[in-house]
Structures are given as structure tokens and as C-alpha cells.
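J.:
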Amino acid sequence: MRRELAYYDLEQSVGAIGSVGSAAESQDAAFVRRLQANEDAAYDELVRTYNASIYHVAFRMLGDPSEAADAVQDIFLKVFRNIGSFRGDAALKTWVFRVGLSEILNRLRWWKRRHRISTISVDDDHNGERTAYCIRDTAPSPEQALESREQDLAIQEALSRLSSDHRSIVVLRDIEGFSYIEIADILNISVGTVKSRLARARTDMKKSLIRYLSVQRV
Amino acid sequence: MMSASNIKCSQAQELMSPYIDSMAEPDECERLESHLEECPPCQRQLQSYKSLRSMIARIEPVRPPADLVLDTRVRLSHARSGNWYDRVEILFNNVLKPVVMPAVSGIALTVLSFGLLIGSLGMNFRTQNMRTDVGVLEQPVGMTDRSLVPTGSSVVTDSSEPLSVLADVGSSGKVLGYKVIGGVQTPAVTRWINNLLWPAHFTPATRNNEPIPSTIVLSFVNVRS
Numbered sequence: 121m122r123r124e125l126a127y128y129d130l131e132q133s134v135g136a137i138g139s140v141g142s143a144a145e146s147q148d149a150a151f152v153r154r155l156q157a158n159e160d161a162a163y164d165e166l167v168r169t170y171n172a173s174i175y176h177v178a179f180r181m182l183g184d185p186s187e188a189a190d191a192v193q194d195i196f197l198k199v200f201r202n203i204g205s206f207r208g209d210a211a212l213k214t215w216v217f218r219v220g221l222s223e224i225l226n227r228l229r230w231w232k233r234r235h236r237i238s239t240i241s242v243d244d245d246h247n248g249e250r251t252a253y254c255i256r257d258t259a260p261s262p263e264q265a266l267e268s269r270e271q272d273l274a275i276q277e278a279l280s281r282l283s284s285d286h287r288s289i290v291v292l293r294d295i296e297g298f299s300y301i302e303i304a305d306i307l308n309i310s311v312g313t314v315k316s317r318l319a320r321a322r323t324d325m326k327k328s329l330i331r332y333l334s335v336q337r338v
Numbered sequence: 007m008m009s010a011s012n013i014k015c016s017q018a019q020e021l022m023s024p025y026i027d028s029m030a031e032p033d034e035c036e037r038l039e040s041h042l043e044e045c046p047p048c049q050r051q052l053q054s055y056k057s058l059r060s061m062i063a064r065i066e067p068v069r070p071p072a073d074l075v076l077d078t079r080v081r082l083s084h085a086r087s088g089n090w091y092d093r094v095e096i097l098f099n100n101v102l103k104p105v106v107m108p109a110v111s112g113i114a115l116t117v118l119s120f121g122l123l124i125g126s127l128g129m130n131f132r133t134q135n136m137r138t139d140v141g142v143l144e145q146p147v148g149m150t151d152r153s154l155v156p157t158g159s160s161v162v163t164d165s166s167e168p169l170s171v172l173a174d175v176g177s178s179g180k181v182l183g184y185k186v187i188g189g190v191q192t193p194a195v196t197r198w199i200n201n202l203l204w205p206a207h208f209t210p211a212t213r214n215n216e217p218i219p220s221t222i223v224l225s226f227v228n229v230r231s
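Here it is in C-alpha cells:
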């Protein structure tokens, strides 16, 4: 009886998730149709929705604010040029990030061939401007802000030491919060590959950031 | 360390990344958990993985430049209205640039190197016997006539726009005709130009020291009454 109830609950939840999923899918489909119809408002919404997250990914991947901004513009142009071929096999967000990552990785390959060495200045903010550190709403003390800033730079530096394949997985999983399946879809690799690459990337990140990781004696 | 779970610490650590994401298989979870029960160093490792994940997740979101949305919309708008420039630019940046630029540079460099090599080998040309074309020597129109500096002349216009005149100068140096191509053209201005240009005499343009007809553009600024 308990098992039956459990199955019943499970079906209810799956049904609820399914209906939420299908509602999101139909919203996605309607939005894609508006994009395919070249509707102004749809493109404005697209840019408004994804601009910040794509810029964030681009910045974390490329490590350069102006390069990231250029990449964002090119990514949206690519989305526009390819939206006609979008068949709804994946969620629109996944597809947009797939286009984005492809553009970003192309840029990385292009720069890698030219042996570009990127440097990060501790005085620069993310927009490349020398400004004071941005104080968050939680009003951290100057020491906390400095520490947070230092950790941020250490993470960026640790990311830059990873290969582009490993970096993209860490950015998508640990910064943007994509699931393994979504990452596999975005990067066109298997879930098993996502799992193994993420494990290796995290091991490398852990080595780079060991002094920031608080591990209590057990 | 080898525990009763029959996995080594290195194997346990491989499972930690998917484990903290709840992506490890049930049997992997079981093996890892039983290993962890008996292995304090691996417990600390697992804790450091969790700490790493939360540290990265807390990373400060990067704010895009303020004008990025506007710039993106403008570029999108151009592309959507069928601006082929953007399409060509994108094609160039994404497809042609990575492939063609290195190829073209390589070919150009090779051609240049061979050119220099062949040039330095001399090709046994005896330049002293070669007939050289010196090129046609040309001299433009010269202005020697002091009357063309209109210091004492007057014209009825207060326009700040420069007055530009296209004039045909014959091989004799006399003005054959003119056309006002810029500035305010009033009867007073026309009279002023007539008085200035018809009596004027220029040093004609020459080709191979022979005077030839030519066209000149004269520009007068601060023309005032």
C-alpha cells in the first residue's frame, strides 16, 4: 500500500513537472516563432534575457572584457542567422549557449594560434576600467570585499590555466549552473565525457585554489 | 589507503566530483560512502571539493558594459534589415579570417622571399644598357599674379562658407572659363570673381616643359563685403 502511494505521488510529481516542462516548451516554441518571424520585440527580449549571462560566460572563458563584449554581439548575430534552423530539439537557452560556446571556443582557438597571453591586473575591474571595488548590498567590510575580490581573481586565474574544454565545463556547471545533460547538449559531447572532464577540471582547480578552500579536520 | 569498500583513495577521489553533483551511479555512491566512513583524508578531500564548488558559485557576476545591449541591438537591427556588410563581416571573422589570413600571409611571405632572392641573384640584367622611361614630368599651374590675392577687392557676402571656383586655365595662362562649385553665389560675387579672374594670369601647367591647358580649383575663405 505504501509503495502504491509512493508510485502515485511520483506520478503526480512527474505529471506536474511534465506539465511545467511542456508549458515552458510551448512558450519557447512561441518565442522561437516570433524570432523566426523577425519580430523586433522578440529580438529585444532575446538580448535582454541572455545578454548578461552570455557576457558572463564569455568573460570567464576569454578573460578579457572587450573581447567578451565583441563575442556577445557576434553570438546574437549568429543566433539571428541560425534561428531558422532551430528545430526545438533542445531548449532555446541550451541552443543559444551552444551557439555562444561555439563562437567563444572559436575565438579561443584563434587567439591560441597567435600565442596570446592574457594578463589580469588586480587593479582592473571586469570592464577593464580602474575603479574602486563594487560594494554589494550586504555591505561587506573593506577586508571582506578585498578578500572576495582576491578570490574572484584567483578563480579567474585558475580558470585561465585550464584547457578551453575543461574551462567551458566548469563555467557552465559551477558558475552558470547548467545540468550535465544540458552541458552535454551545449558542447555536443556525452554525459560521461562531461562527468570525467568536470572531475579533472575540478581537481586542477582545487590544486590552484587550495589556499582558499576551508577544510576542517575531521 | 585501501578500505573494506575495496576502492582506493584515488578511485574514491575520481567519484567525488559526480558525487557532489548527485550524478554518481547508485553503486558508485555506495562504494564511495563506505570508503569515506573509514578514510578521514578522503573525507577532507570531499569537503574541499564541496568548498571549491561553493567558492566558484559565489563568484561575483560580471556586469556587461553599459552600452552592450544598445550596441548589440544596433548590430542586430542592421543584420535583420538585410545589411550585407554585417553578414560579410561575420563570415570573414568566423570562417575566412582563421583560414585565409594565415594562408595569404604565408603565400605573400613566400612570394616576397623568392622575389628578394631572385632579385639578389641579379638575373644578369645590365641596367646601364636598359632604356629607362623617366616618366612624364608635369608641373601644376602656378600663381604668380599678385592681383589674385584679393586684399583690396570687395564682395557683397558675409557667408562664412568658403567660396570655391573651378577654373579652366589655357596654355597661355589665361582663364578660359569658370564655374562656382561652392559658397554663396550672388550677382555681387559673380562680379567680384569676374573682376578677379578675367584679367588674371597664371603660370600654365606644363608637361615635359610644354605648357598645357588645365583645370584648377580656387578656394576663397573669409570673403566679406
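Respectively, the protein sequence lines represent chains X and W. Using our numbering, read the first sequence as starting at 121 and increasing by one per residue. Using our numbering, read the second sequence as starting at 7 and increasing by one per residue. Where a beta carbon is used, it is the ideal one built from N, C-alpha and C, also for glycine. Bear in mind the structure is a predicted one, so any value in this text is a computation, not a measurement.
What do you get for asparagine 171 (chain X), buried or exposed, if any count of 16 or more other CB atoms within 10 angstroms of its CB means buried?
T.: With 16 or more other Cβ atoms within 10 Å, it is buried.
J.: Check the DSSP bridge columns for proline 217 (chain W) and list the partner residues they point to.
T.: Proline 217 (chain W) is bridged to W:Thr212.
J.: Leaving out five residues on either side along the sequence, give the residues of the same chain with a beta carbon under 8 Å from the beta carbon of glutamate 165 (chain X).
T.: Excluding positions up to five away in sequence, the list reads Phe151.
J.: Which class does isoleucine 203 (chain X) belong to by DSSP, given the choice of helix, strand or coil?
T.: Isoleucine 203 (chain X): helix per DSSP, three-state reduction.
J.: Are the C-beta of serine 9 (chain W) and some C-beta of chain X separated by less than 8 Å?
T.: Here the model assigns serine 9 (chain W) a pLDDT of 48, short of 50, so the residue's position is not dependable, and the following value carries that caveat. It does not: the Cβ of serine 9 (chain W) has no partner Cβ on chain X nearer than 8 Å.
J.: Residues of chain X with a CB under 8 Å from the CB of valine 110 (chain W): which are they?
T.: Neighbours of valine 110 (chain W) on chain X: none; closest Cβ ~15 Å, over 8 Å.
J.: Per the DSSP calculation, isoleucine 224 (chain X) is bridged to which residue(s)?
T.: In the DSSP output, where bridge partners are listed per residue, isoleucine 224 (chain X) has none listed.
J.: Look at leucine 333 (chain X) and isoleucine 289 (chain X) and say whether their C-beta atoms are less than 8 Å apart.
T.: Result no, Cβ atoms of leucine 333 (chain X) and isoleucine 289 (chain X) do not sit closer than 8 Å.
J.: Since I believe valine 192 (chain X) is in contact with alanine 178 (chain X) (beta carbons under 8 Å), could you give me their beta-carbon distance rounded to a whole number of angstroms?
T.: Yes, they are in contact, since the Cβ atoms of alanine 178 (chain X) and valine 192 (chain X) sit about 6 Å apart, within 8 Å.
J.: Could you pull out every residue in the same chain whose Cβ sits closer than 8 Å to the Cβ of tyrosine 128 (chain X), ignoring the five residues on either side in sequence?
T.: Reliability of the predicted coordinates at tyrosine 128 (chain X) is poor, the pLDDT of 36 falling under 50, and no value is obtained from them.
J.: With 16 other CB atoms within 10 Å as the buried threshold, where does valine 175 (chain W) fall?
T.: It counts as buried.
J.: Here's a check: name, in chain order, each residue in its chain whose Cβ is nearer than 8 Å to the Cβ of methionine 5 (chain W), leaving out the five neighbours to either side.
T.: No answer is possible for residue 5 (chain W): it lies beyond the span of chain W, which begins at 7 and ends at 231.
J.: Take proline 168 (chain W) as the anchor and find which of W:Gly179, W:Ile187 and W:Lys180 has the nearest alpha-carbon.
T.: The residue with the shortest Cα to Cα distance from proline 168 (chain W) is W:Ile187.
J.: Taking the alpha carbon of glutamate 216 (chain W) as the point to measure from, which residue in W:Asp73, W:Pro146, W:Val68 and W:Asp27 has its own alpha carbon closest?
T.: Looking at the Cα atoms, W:Pro146 is the closest of the given residues.
J.: Quick check: the segment 39-52 of chain W against the segment 10-21 of chain W, are there 3 or more CB pairs under 8 Å?
T.: Segments in contact, yes.
J.: Verify the CB distance criterion: does aspartate 209 (chain X) have a CB-CB separation below 8 Å to chain W?
T.: So, not an interface residue.
J.: Would you check if the distance between the CB atom of isoleucine 309 (chain X) and the CB atom of leucine 292 (chain X) is smaller than 8 Å?
T.: Their beta carbons are not under 8 Å apart, which means isoleucine 309 (chain X) does not touch leucine 292 (chain X) by this criterion.
J.: Kindly list the residues whose CB is nearer than 7 Å to the CB of serine 177 (chain W), restricted to its own chain and excluding five residues on each side of it in sequence; keep chain order.
T.: The residues are Pro210, Pro217, Ile218 and Pro219.
J.: In angstroms with no decimal places, state the Cα-to-Cα distance between phenylalanine 206 (chain X) and lysine 213 (chain X).
T.: One C-alpha to the other measures close to 12 Å.
J.: Which of helix, strand or coil does DSSP assign to isoleucine 306 (chain X)?
T.: In the structure shown, isoleucine 306 (chain X) sits in a helix (DSSP, three-state: H, G or I).
J.: One question on the structure: do leucine 155 (chain X) and isoleucine 203 (chain X) come within less than 8 Å of each other, judged by their Cβ atoms?
T.: Yes, the Cβ-Cβ distance between leucine 155 (chain X) and isoleucine 203 (chain X) is below 8 Å.
J.: Report the three-state DSSP secondary structure of isoleucine 183 (chain X) (helix, strand or coil).
T.: Here residue 183 (chain X) is glycine; the residue named in the question, isoleucine, does not match the sequence. Three-state DSSP puts glycine 183 (chain X) in coil, outside helix and strand.
J.: Starting from tyrosine 184 (chain W), follow the alpha helix (DSSP H) in both directions and report where the run begins and ends.
T.: Segment 181-188 is the beta strand (DSSP E) holding tyrosine 184 (chain W); no alpha helix (DSSP H) there.
J.: Could you spell out the range, first to last residue, of the beta strand (DSSP E) harbouring leucine 172 (chain W)?
T.: Leucine 172 (chain W) -> beta strand (DSSP E) spans 169-175.
J.: Quick one: is leucine 318 (chain X) near chain W, going by C-beta distance under 8 Å?
T.: So yes, leucine 318 (chain X) belongs to the interface.
J.: May I ask you to report which of helix, strand or coil DSSP gives glutamate 296 (chain X)?
T.: Residue state, collapsed to three classes: coil.
J.: Let me confirm a value: glutamine 81 (chain X) is counted as buried when at least 16 other C-beta atoms fall within 10 Å, else exposed. Which label applies?
T.: Residue 81 (chain X) cannot be examined here, being either before or after the span of chain X that is shown, 121 to 338.
J.: Listing by chain order, which chain W residues have their CB less than 8 Å from the CB of lysine 326 (chain X)?
T.: The contacting residues are Ser54, Tyr55 and Leu58.
J.: Hey, how far is the Cα of serine 222 (chain X) from the Cα of tryptophan 230 (chain X)?
T.: Serine 222 (chain X) and tryptophan 230 (chain X): Cα-Cα distance of roughly 12 Å.
J.: Kindly indicate if chain W contains any beta-carbon less than 8 Å away from that of glutamine 264 (chain X).
T.: No, glutamine 264 (chain X) does not count as interfacial toward chain W.
J.: Below 8 Å on the Cβ atoms is my contact criterion, and I expect valine 181 (chain W) with tryptophan 198 (chain W) to pass it. Report the Cβ-Cβ distance as a whole number of Å.
T.: Contact doesn't hold; Cβ gap of about 14 Å is too wide.
J.: Since I believe leucine 329 (chain X) is in contact with leucine 52 (chain W) (beta carbons under 8 Å), could you give me their beta-carbon distance rounded to a whole number of angstroms?
T.: No, leucine 52 (chain W) and leucine 329 (chain X) are not in contact; Cβ-Cβ is about 16 Å, not under 8 Å.
J.: Would you kindly work out how many angstroms separate the C-alpha atoms of proline 193 (chain W) and serine 170 (chain W), rounded to a whole number?
T.: Approximately 16 Å between the Cα atoms of the pair.
J.: Out of X:Gly297, X:Ala188 and X:Ser280, which one is the CA nearest neighbour of aspartate 27 (chain W)?
T.: The residue with the shortest Cα to Cα distance from aspartate 27 (chain W) is X:Gly297.
J.: Is the beta carbon of aspartate 305 (chain X) sitting closer than 8 Å to the one on alanine 210 (chain X)?
T.: For aspartate 305 (chain X) and alanine 210 (chain X), yes; Cβs fall inside 8 Å.
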